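In my numbering, the protein residues as written are 2 to 367.
The beta carbon of each residue, even a glycine, is placed where N, CA and C say it ideally should be.
All values derive from a computational prediction rather than experimental measurement.
Working notes, structure below.
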Amino acid sequence: MTVLGIESSCDECAAAVVEDGERVLSSVVATQIPLHAAYGGVVPELASRAHTEWISAVVREALDAAAVPPSALDAVAATSRPGLLGSLIVGLSFGKAFAWARRLPFIAVDHMLAHLYASRLTPPAAPPEYPFLGLLVSGGHSIICRADAFDQVTVLGATIDDAVGEAFDKVAAHYGLGYPGGAVIDRLARHGNPDAFRFPLPRLYKPARDGSDHRFDFSYSGLKTAVIHHLARYSTGATRVGTWDLGLGTGARCEGVIPPWTCAEDIAASFEKAAVDILVRSILRAADETGLRTLVAGGGAAANTLLRERLAAAPDLRCVFPPPSLCGDNAAMVAGLAYHYLARGDRSPLSESASARVSGFKRRYP
Ligand code: KG4
Ligand code: ZN
């Protein structure tokens, strides 16, 4: 079954063609990063306008690259939630119109479930069997969950404030490293000493006074604030220029000024170590308590080098990561996941609408 997938939930305008949920025939990602970098973050109105201008060409390119004419498609899928409403509407409307015009089945896909599916696109020797632990870490969400099926997820823990990627982005913004910051801090940290500074870790796993259960929850705002205050103490006034591989496996590089910190690499490495520690502690606790020994990761921050190393080294835990190029937003994960709904006979109505948030997100997902 050949599925066209469309993704436009945030600042990547993407289309892909995937066969039988696994074989990626094409995956085109038109990034809007240069458009938003000047503002230090995604500007929703600019994002939706760019999607409107680009979507048609991006879909055409995905079909051409796959050498699949529209007449050879079996279905169309598009992300319908969660994300920026204006951005979501563009891809979703385009996908629905395309499906209607070609008389094809349409599937609306949840962005977080698609991230969780991404590692299946380059089939590991033995695909992970349900149930498994899921780790979803992006710029908007950070979730540890139990996955019982491709569309059945129970949230075990989540950030109570900033998402992991968001913490990287905000620290990078204070460094003057540009947007998005995760990949840049990752590269900078490779040249620093992770033990140079010790940043505070949240202690949510202690029972809260109100009796609420935060066993697997975590928090990033304390760490982010500590690092930002720390940066101020190490300013020297001199600047250096550096270039970094963006770590996407595509050879894409970014250039930037390393602002005047005496020990930028050490601060980046120490921050990254604390950020990864926070996640790994909660994941290992969840693995112990649930007895689930397989972890499947997804989302932009799942590309982080240290996170991958630390989890790969965790005893008794099998970790499955997508390749870095499929960690960030892409449409292959959308088309891949849609195959499983189609195979079950599901169809989404063309009245399906976009939704920025998912209600009941805290414990039961979707
Ligand atoms: O999944 P994604 O592409 O978009 C959302 O759905 O949010 O994730 C983007 C996030 C950004 O916050 C970015 O800084 C972060 O993923 N990110 C990383 C790395 N690469 C991207 N964070 C840490 N280390 C990385 N190597
Ligand atoms: Zn995402």
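Beta-bridge partners of residue i, as assigned by DSSP
{"i": "D111", "result": "R82"}
{"i": "L74", "result": "Bridge partners of L74: none, in fact."}
{"i": "A159", "result": "I144"}
{"i": "L327", "result": "Note: L327 sits in no beta bridge, so no partner."}
{"i": "T123", "result": "Its beta-bridge partners do not exist; DSSP assigns none."}
{"i": "A368", "result": "In the structure as shown, the chain starts at 2 and stops at 367, and residue 368 therefore has no counterpart that could be examined."}
{"i": "L1", "result": "This structure cannot speak to residue 1, because the chain is shown only from 2 to 367."}
{"i": "C264", "result": "Its beta-bridge partners do not exist; DSSP assigns none."}
{"i": "R234", "result": "R234 pairs with nothing; no bridge assigned."}
{"i": "F322", "result": "None; F322 has no bridge partner."}
6 Å Cβ shell around residue i - same chain, five flanking residues per side excluded
{"i": "A76", "result": "V4, L105, P106, L343"}
{"i": "S28", "result": "A17, N331, A333"}
{"i": "G329", "result": "G301"}
{"i": "D149", "result": "Y131, P132"}
{"i": "A190", "result": "A269, A270, E273"}
{"i": "L93", "result": "A79, S81, A355"}
{"i": "A31", "result": "C14, W55, V59"}
{"i": "H175", "result": "I229, L232"}
{"i": "V277", "result": "L307, L308, R311"}
{"i": "A339", "result": "V4, A78, I108, V110"}
{"i": "G158", "result": "I145, F217, D218, S283"}
Which listed residue (the options) has its alpha carbon closest to that of residue i
{"i": "V228", "options": "S271, E353, G346", "result": "S271"}
{"i": "A197", "options": "H52, A357, A100, E266", "result": "E266"}
{"i": "L280", "options": "R147, C264, L318, L312", "result": "L312"}
{"i": "S222", "options": "A100, S354, P203", "result": "P203"}
{"i": "E8", "options": "E23, R24, S49", "result": "S49"}
{"i": "E167", "options": "A173, G140, L178, A148", "result": "G140"}
{"i": "Y118", "options": "V335, A98, E290, Y40", "result": "V335"}
{"i": "R358", "options": "G84, V321, V60", "result": "G84"}
{"i": "R24", "options": "D218, G6, R286, F151", "result": "G6"}
{"i": "H112", "options": "L134, F95, H142", "result": "H142"}
{"i": "E43", "options": "T155, K171, R188, P316", "result": "Per the sequence presented here, residue 43 reads as Val, with Glu not at that position. Checked all of T155, K171, R188, P316; the closest Cα to V43 is K171."}
{"i": "L134", "options": "V156, R199, W101", "result": "V156"}
{"i": "I56", "options": "A73, D21, A39, A98", "result": "A98"}
{"i": "A51", "options": "D162, P70, I90", "result": "I90"}
{"i": "S326", "options": "A304, A339, L308", "result": "A304"}
{"i": "F322", "options": "G337, G299, D218, A339", "result": "G299"}
{"i": "T120", "options": "L137, T160, A73", "result": "Checking the sequence, you will find Ser at residue 120 rather than Thr. For S120, the nearest C-alpha among the options comes from L137."}
Cβ-heavy atom distance, residue i to the ligand ZN, below 7 Å
{"i": "H116", "result": "yes"}
{"i": "H175", "result": "no"}
{"i": "H112", "result": "yes"}
Sequence-distant residues of the same chain with beta carbon closer than 8 Å to residue i, five excluded per side
{"i": "A68", "result": "L26"}
{"i": "I34", "result": "D12, Y180, P181"}
{"i": "R319", "result": "P129, R294, T295, L296"}
Neighbourhood of residue i by C-beta, 7 Å cutoff - its chain only, sequence neighbours within 5 removed
{"i": "P350", "result": "none"}
{"i": "S352", "result": "none"}
{"i": "L47", "result": "L36, H37"}
{"i": "C264", "result": "A197, Y235"}
{"i": "A275", "result": "F200, L202, L224"}
{"i": "W101", "result": "L351"}
Point to revise | Below 5 Å from a heavy atom of the ligand KG4 - residues by beta-carbon | key: In chain order, the qualifying residues are S139, G140, G141, G166, F169, D170, P181, G183, A184, D187, G300, G301, A302, A304, N305, G329, D330.
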